[in-house]
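> Position one of the sequence shown corresponds to residue 53 (this note's numbering), numbered consecutively onward. Virtual Cβ for every residue (Gly too), placed ideally from N, Cα, C. Have a look at this one.
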Amino acid sequence: LMNSETELVSTHTSFARQISYLNDVVKAQRISSAQLEKRLRLMRRKYEQARVSVNDLVQDQDAYLSSELTTIDVRLQIINTLFDYLVVFPETP
(Lines of atoms letter the chains of each structure in order from A; the text may use other names.)
(Lines give C-alpha, C1' and ligand atoms only; values in the text may rest on other atoms or scores of the structure.)
Protein backbone atom coordinates (compact mmCIF):
# COMPACT_ATOMS: atom_id res chain seq x y z
CA LEU A 53 0.00 0.00 0.00
CA MET A 54 2.81 2.40 0.86
CA ASN A 55 4.52 1.95 -2.53
CA SER A 56 1.24 2.58 -4.32
CA GLU A 57 0.62 5.72 -2.28
CA THR A 58 4.13 6.97 -2.99
CA GLU A 59 3.61 6.42 -6.71
CA LEU A 60 0.36 8.41 -6.61
CA VAL A 61 2.01 11.30 -4.80
CA SER A 62 4.92 11.19 -7.24
CA THR A 63 2.56 11.16 -10.24
CA HIS A 64 0.53 14.03 -8.81
CA THR A 65 3.70 16.05 -8.16
CA SER A 66 4.92 15.33 -11.68
CA PHE A 67 1.67 16.57 -13.23
CA ALA A 68 1.70 19.69 -11.05
CA ARG A 69 5.31 20.43 -12.02
CA GLN A 70 4.56 19.93 -15.70
CA ILE A 71 1.55 22.24 -15.64
CA SER A 72 3.51 24.86 -13.72
CA TYR A 73 6.31 24.66 -16.28
CA LEU A 74 3.86 24.97 -19.17
CA ASN A 75 2.22 28.00 -17.51
CA ASP A 76 5.66 29.62 -17.26
CA VAL A 77 6.18 28.94 -20.98
CA VAL A 78 2.82 30.60 -21.77
CA LYS A 79 3.83 33.67 -19.74
CA ALA A 80 7.14 33.91 -21.59
CA GLN A 81 5.36 33.49 -24.94
CA ARG A 82 2.93 36.28 -24.06
CA ILE A 83 5.86 38.62 -23.39
CA SER A 84 7.52 37.57 -26.63
CA SER A 85 4.30 38.01 -28.60
CA ALA A 86 3.73 41.46 -27.11
CA GLN A 87 7.24 42.53 -28.14
CA LEU A 88 6.78 41.08 -31.62
CA GLU A 89 3.43 42.85 -31.96
CA LYS A 90 5.07 46.20 -31.08
CA ARG A 91 7.79 45.53 -33.63
CA LEU A 92 5.22 44.58 -36.25
CA ARG A 93 3.32 47.86 -35.71
CA LEU A 94 6.58 49.76 -36.13
CA MET A 95 7.44 47.79 -39.28
CA ARG A 96 4.00 48.48 -40.76
CA ARG A 97 4.51 52.19 -40.18
CA LYS A 98 7.95 52.00 -41.80
CA TYR A 99 6.53 49.99 -44.70
CA GLU A 100 3.80 52.58 -45.28
CA GLN A 101 6.56 55.20 -45.39
CA ALA A 102 8.48 53.00 -47.88
CA ARG A 103 11.39 52.67 -45.45
CA VAL A 104 11.39 48.84 -45.35
CA SER A 105 10.68 46.18 -47.92
CA VAL A 106 7.60 44.01 -48.06
CA ASN A 107 9.86 41.02 -47.30
CA ASP A 108 10.90 42.59 -43.98
CA LEU A 109 7.27 43.23 -43.10
CA VAL A 110 6.27 39.67 -44.01
CA GLN A 111 9.13 38.24 -41.92
CA ASP A 112 7.95 40.19 -38.89
CA GLN A 113 4.35 39.11 -39.46
CA ASP A 114 5.54 35.51 -39.73
CA ALA A 115 7.51 35.78 -36.48
CA TYR A 116 4.51 37.26 -34.66
CA LEU A 117 2.07 34.65 -35.96
CA SER A 118 4.52 31.83 -35.18
CA SER A 119 4.77 33.11 -31.63
CA GLU A 120 0.98 33.19 -31.32
CA LEU A 121 0.74 29.62 -32.68
CA THR A 122 3.35 28.45 -30.19
CA THR A 123 1.27 29.97 -27.37
CA ILE A 124 -1.79 28.10 -28.62
CA ASP A 125 0.20 24.85 -28.84
CA VAL A 126 1.42 25.22 -25.25
CA ARG A 127 -2.09 25.96 -24.02
CA LEU A 128 -3.24 22.81 -25.80
CA GLN A 129 -0.49 20.88 -24.03
CA ILE A 130 -1.79 22.23 -20.71
CA ILE A 131 -5.32 21.07 -21.52
CA ASN A 132 -4.10 17.64 -22.61
CA THR A 133 -2.01 17.35 -19.44
CA LEU A 134 -5.08 18.20 -17.36
CA PHE A 135 -7.07 15.53 -19.20
CA ASP A 136 -4.27 13.03 -18.55
CA TYR A 137 -4.32 14.03 -14.89
CA LEU A 138 -8.07 13.42 -14.71
CA VAL A 139 -7.60 9.98 -16.25
CA VAL A 140 -5.12 9.07 -13.52
CA PHE A 141 -7.03 10.84 -10.73
CA PRO A 142 -10.71 10.61 -11.79
CA GLU A 143 -12.12 11.30 -8.35
CA THR A 144 -10.06 14.40 -7.66
CA PRO A 145 -12.34 17.31 -6.72
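Do Tyr99 and Val106 have their C-beta atoms closer together than 8 angstroms?
Residue numbering aside, residue 99 sits at position 47 when the sequence shown is read from its first letter. Residue numbering aside, residue 106 sits at position 54 when the sequence shown is read from its first letter. It is a contact, given that the beta carbons lie within the stated cut-off.
> Please indicate yes or no: does the CB of Ile124 lie closer than 7 angstroms to some heavy atom of the ligand ATP?
Among the components of this structure there are no ligands whatsoever, and the ligand ATP is therefore not found.
> Grouping DSSP H, G and I as helix and E and B as strand, with all else coil, what is Ala102?
Against the sequence shown, residue 102 aligns to sequence position 50. Three-state result, Ala102: coil.
> Helix, strand or coil for Phe141, going by three-state DSSP, please let me know.
If you number the sequence shown from 1, residue 141 lands on position 89. Looking at Phe141 - three-state DSSP - the assignment turns out to be coil, as it is neither helix nor strand.
> Taking the alpha-carbon positions, what's the Ile124 to Asp114 distance?
Counting from one through the sequence shown, the residue named residue 124 turns up at place 72. Counting from one through the sequence shown, the residue named residue 114 turns up at place 62. Taking the straight line from one Cα to the other gives about 15 angstroms.
> Apart from the five residues just before and just after Ser85, which ones in its own chain have a Cβ nearer than 8 angstroms to its Cβ?
The count along the sequence shown starts at 1 and reaches residue 85 at position 33. Taken in chain order, the residues that qualify are Tyr116, Ser119, Glu120, Thr123.
> Expressed to the nearest angstrom, what Euclidean distance is found between the alpha-carbon atoms of Ser62 and Ile131?
Here the question's residue 62 lines up with position 10 in the sequence shown. Here the question's residue 131 lines up with position 79 in the sequence shown. Taking the straight line from one Cα to the other gives about 20 angstroms.
> What are the complete beta strand (DSSP E) segments, minimum 3 residues, inside the segment 78-134?
Runs found: none.
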